[in-house]
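With numbering that gives the first Met the number 0 as the guide, the letters of the sequence shown map in order to residues 0 to 265. Using N, Cα and C, we set each Cβ at its ideal position, and we do this for glycine too. Every value quoted in this text rests on a predicted model; they were computed, and no experiment measured them. Note sheet for the following structure.
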Amino acid sequence: MNNLLKASFIFVLLILAGCAKEKPKTDYVAKVNDVYLYKKDFTFSPDSNTAYKNEFIRNWVITELLSQEARKNDFEKSDEFVELSANSGKEILKSLWLKKYLSEKEFPVTSKELEDYFNSKPEAFKILQDAVILNQVYLTQYDKAIQFRNVLMESDWNKTLKAFANDSSLAGSSGGALVYYYQIGAGNLLNIINELQPNEVSLVIPLQKNLFTVVQVLQKITKEEVPPFVSIRKEVEKIFREEKQKQLIEEHLKELYSQNDIDIKK
0 MNNLLKASFI FVLLILAGCA KEKPKTDYVA KVNDVYLYKK DFTFSPDSNT AYKNEFIRNW
60 VITELLSQEA RKNDFEKSDE FVELSANSGK EILKSLWLKK YLSEKEFPVT SKELEDYFNS
120 KPEAFKILQD AVILNQVYLT QYDKAIQFRN VLMESDWNKT LKAFANDSSL AGSSGGALVY
180 YYQIGAGNLL NIINELQPNE VSLVIPLQKN LFTVVQVLQK ITKEEVPPFV SIRKEVEKIF
240 REEKQKQLIE EHLKELYSQN DIDIKK
C-alpha cells in the first residue's frame with residue numbers, strides 16, 4: 000500500500016511538472032526567436048554611448064535574422080560553409096596558440112633597455128602632428144584650483160600634486176604627457192595652451208560645471224620632430240615589446256619548421 004501511495008505521489012508530481020510552463024525570460028536586451036542578447040554579451044560597456052549601443056543591437060539582430068534564415072535553408076551543410084568554417088577555425092586556433100605561447104614568454108623590460116632602443120632609432124618616433132608636452136590637473140572646486148595654481152607657482156609639479164593628493168576636489172591629473180593639438184580640440188583651452196610659453200602656468204580654466212583645470216606647458220613640439228623619451232615612454236615600450244614578440248614568433252616558427260615534415264613544391 001505504501002509503495003502504491005509513493006508511486007501515485009510521484010506520478011502526480013510528474014504531471015504537474017509537465018504542465019508547468021517555463022518562466023519567460025525578461026532580463027534580455029534583444030531577442031530573435033529563441034536566441035537572446037544579454038548585457039553580459041556586449042563587447043563594450045552596456046552603459047556606453049546610446050547611439051553606439053543601438054547600432055550594436057541592430058547589427059546583432061541583422062546577423063541573427065540572416066544566419067537563422069541560412070540555417071533554415073540548410074546552408075550549414077553546404078561545401079562552401081564547411082570549407083570556410085574549417086579555414087576560420089584554423090585562424091582562431093593560430094591566434095589562440097600564439098597568445099598562449101607569448102604569455103609564457105613574458106619578459107621584463109628595464110628603462111635603460113627602452114631608452115637605448117629609443118636612441119637607436121629616433122626616426123621611428125618622429126611625431127606626425129604638432130603636439131605639446133604638458134602637466135595638467137583637474138579639480139572640482141574653483142577655490143581649490145586657485146590654491147593649486149598658487150602652490151605650483153612657488154614649487155614644482157610633483158610637490159604640488161603630492162600636497163593635494165588627499166584633497167577631495169582632485170579629479171585627475173597627468174604629468175609630462177604628450178598631447179596632440181587635435182586631441183585638445185578647438186576652444187578656449189587650445190587658445191590658452193597656444194599662448195603659454197615653456198614652463199608657464201595657466202590661469203584656472205573652467206571646463207564645465209564643477210570642473211576646472213590648470214595647465215603647465217613644458218615643451219612644444221612640431222611635426223617631424225622627435226619628442227623626449229620620457230614623454231612617450233609607453234609608446235616606446237609598446238613598439239619594443241611588439242618587435243620582441245615578432246622575434247619570438249620567428250624563433251618558434253624555425254623550431255616548428257625543423258620538427259615537422261614540410262615540402263613546398265615550386
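Item, Value
"Whole-Å CB distance - glutamine 215 paired with leucine 133, under 8 angstroms assumed", "6 angstroms"
"Continuous beta strand (DSSP E) stretch holding isoleucine 204: start and end", "204 to 207"
"Of the listed residues Asn86, Glu250, Phe124 and Thr62, nearest to isoleucine 231 (C-alpha basis)", "Phe124"
"For leucine 210 and glutamine 140, the rounded distance between their alpha carbons", "7 angstroms"
"Rounded separation between threonine 25 and arginine 57 - CA only", "19 angstroms"
"Simplified DSSP state of isoleucine 261, which is helix, strand or coil", "coil"
"Residues of its chain near tyrosine 137, where Cβ-Cβ distance is below 8 angstroms and the 5 sequence neighbours each way are ignored", "Leu169, Ala170, Gly171, Ser172, Leu206, Leu210, Phe211 and Thr212"
"Proximity below 8 angstroms, CB of isoleucine 191 to CB of valine 131", "no"
"Lysine 99 versus lysine 243: straight-line alpha-carbon distance, rounded", "16 angstroms"
"Cβ-based burial, arginine 148 [other Cβ within 10 Å; buried from 16]", "buried"
"Span of the alpha helix (DSSP H), counted from its first residue to its last, around tyrosine 180", "180 to 183"
"3 or more residues per run - each beta strand (DSSP E) lying fully within the stretch 93 to 146", "130 to 138"
"Nonlocal neighbours in the same chain, by C-beta distance under 6 angstroms from serine 77, ignoring five residues either side", "none"
"Own chain partners of valine 225 with C-beta closer than 6 angstroms, once the 5 adjacent residues on each side are dropped", "Pro121, Phe124 and Lys125"
"Sheet register partners of leucine 177 (DSSP bridge)", "Ile132"
"Strand pairing of threonine 212, partner residues [DSSP]", "Tyr137 and Ile204"
"Rounded Cβ spacing between leucine 177 and isoleucine 183 (contact assumed at less than 8 angstroms)", "With 8 angstroms as the limit, leucine 177 and isoleucine 183 do not qualify as a contact, their Cβ atoms being about 12 angstroms apart."
"DSSP-derived helix/strand/coil call for leucine 169", "strand"
"Valine 266 classed as buried or exposed, judged by whether at least 16 other C-beta atoms fall within 10 angstroms", "The shown model of the chain, from 0 to 265, leaves out residue 266, and the question about it has no answer."
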